[in-house]
RNA sequence: GUGAGUGUAGCUCAGCUGGUUAGAGCGCCGGUCUGUGGCACCGGAGGUCGGGGGUUCAAAUCCCCUCAUUCACCCCA
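Residue numbers (this note's numbering): 574 to 995.
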């Protein structure tokens, strides 16, 4: 066994980066709570069916990106490639939808078998919220506002919000037919991959980056003209609400989202600083999803945001520098010989028990080196014991900023430090 | 899944068209200073040159395969 590395597309999060993750996680908890959402934690893996039935056959996620395996009981299991379906599954399993509204948020890893590149990993991290029960546009608006508040809270300023409406079960099929009819006529002018998508997932052609496709799409029918009256109203109300909150959203009729379950509102947030994987955030309404999973007809709207990408952005904007939220060491214990170390251990414990962040160098390095480490750790005091102190039954407490030293009896060290740090 | 680039010390990298014991800076350890920090000087440890195979008298260097990584396609958070 040699040179073991993290599996392709995964990565270890080491200090000091791990403290940036902790800060991000705290911000997510705080902002979601502020908007009235409570955390739900679901398993990392689910029955494969949970995803196949909701995300949809024909989507890339289900067809080629899931980590699926048969467990020892013969069940088909998949690592979750997203978290909306598991949240709905859990809500149904525990009858949470009996008491609406239901507002949940989550954060954690997701898994997709893709070729890694900048901002795209096989184990990625997302947070998101789901709001069930509200059919009106206020919920859509709230979720978009929440997403932007999150961007603000982590210090990301350079981004673009785009929204669209995909229509509902009444009006979307007509658009789909019209689009397929048009694209079939123009099939010869489409890119190869889009000709395939025409059969499997025609809406996806709408957000193709291919120049050939773009040209064809210029003359394609748009969903806007097919929206039924209530969908039109919903979309107009949403835009009004956003405007009333001072939120600027670009209407992009080509947004379709990668998952089958979206209805009406869809939105995305992009950033120019991310390279090809420029999407930070995507969400929308999914009024048919709960019912499709065997629950009561329940409207829902949600968002998912990539935590990996958020951190890339907050780092590139310099905001990460302020994000060293790691607890600073307050006291460094310095033992100069074995016997002193033995005597200092219970004192260290007493200090820690008082709620003071303290640590001790166990490597028996020379005094200079230990003091240097103490200084770098940010500690305010060093507690030093060598032969002199040991024979006298006390320690030297040194203020690392002023270098002032005092001798304190061994039994009084914790009280003395507590007082000085108060 | 497709294409291109990159893998040399813990980190960042040098090593020309193959040629002795593979180098630097930072970091780490020690000394100058038998017990008072950030500096300076001196010394030291640390390398399967990603892995495997091939060509050659000789491979970090050339060829093939493989793994990892980066970027793009695709897709998406």
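The C-beta atom is built at its ideal place from N, Cα and C for all residues, glycine as well.
- Here DSSP, grouped into helix, strand and coil, assigns residue 755 to helix.
- Per DSSP, the beta bridge partners of residue 838 are 738.
- Counting only residues of its own chain and dropping the five nearest sequence neighbours on each side, residue 967 has a CB closer than 7 angstroms to the CB of 980, 981, 982 and 983.
- According to the DSSP assignment, residue 713 belongs to the alpha helix (DSSP H) that extends over 710-726.
- According to DSSP, residue pairing for residue 971 in a beta bridge involves 955 and 978.
- Proximity of the segment 845-853 to the segment 631-643 falls short of the contact definition, fewer than three beta-carbon pairs being nearer than 8 angstroms.
- Exclusion of the five residues before and after residue 934 leaves 943 as the residues of its chain whose Cβ lies within less than 6 angstroms of its Cβ.
- Residue 593 and residue 961 have their C-alpha atoms roughly 42 angstroms apart.
- Within a 10 Å sphere around the beta-carbon of residue 936 sit fewer than 16 other beta-carbons, which makes this residue exposed.
- The Cβ atoms of residue 839 and residue 776 do not sit closer than 8 angstroms to each other.
- Using a Cβ-Cβ distance cut-off of 8 angstroms, the segment 680-698 and the segment 864-884 are in contact, since at least three pairs of beta carbons, one from each stretch, lie closer than that value.
- Taking one beta carbon from each stretch, the segment 710-725 and the segment 899-910 have fewer than 3 pairs nearer than 8 angstroms; the two do not touch.
- Rounded to the nearest whole angstrom, the CA to CA distance from residue 774 to residue 748 is 13 angstroms.
- In the three-state scheme derived from DSSP, where H, G and I count as helix and E and B as strand, residue 744 is classed as coil.
- A distance of 8 angstroms or more separates the beta carbons of residue 661 and residue 678.
- Taking 8 angstroms as the cut-off, the Cβ atoms of residue 624 and residue 670 do not count as close.
- In the three-state reduction of the DSSP assignment, residue 642 falls in the strand class.
- When DSSP states are grouped into helix, strand and coil, residue 961 belongs to the helix group.
- Put simply, of 784, 818 and 791 the residue whose alpha carbon is nearest the alpha carbon of residue 825 is 791.
- In the three-state reduction of the DSSP assignment, residue 650 falls in the strand class.
- 610 is the residue among 783, 582, 725 and 610 whose C-alpha sits nearest the C-alpha of residue 680.
- Note on geometry: alpha-carbon atoms of residue 877 and residue 907 lie some 48 angstroms from one another.
- Between residue 832 and residue 632, the C-beta gap is smaller than 8 angstroms, which places the two residues in contact.
- Along the length of the segment 579-625, whole beta strand (DSSP E) runs at least 3 residues long occupy 618-620, reported in chain order.
- Exclusion of the five residues before and after residue 639 leaves 651 and 654 as the residues of its chain whose Cβ lies within less than 6 angstroms of its Cβ.
- Note on the segment 669-701: whole beta strand (DSSP E) runs with a minimum of 3 residues are 675-684, in chain order.
- Every alpha helix (DSSP H) of 4 residues or more that sits fully in the segment 760-846 is shown, in chain order, as 765-773, 784-790 and 802-817.
- When only Cα atoms are considered, residue 796 and residue 685 end up about 30 angstroms apart.
- Under DSSP, the beta-bridge partners assigned to residue 852 are 843.
- Sequence-distant partners of residue 811 (beyond 5 residues in either direction) whose C-beta falls short of 7 angstroms from its own C-beta, in its chain, are 710, 713, 714 and 838.
- In the structure shown, residue 733 falls within a strand segment according to DSSP collapsed to helix, strand and coil.
- By alpha-carbon distance to residue 857, the top candidate from 635, 739 and 673 is 739.
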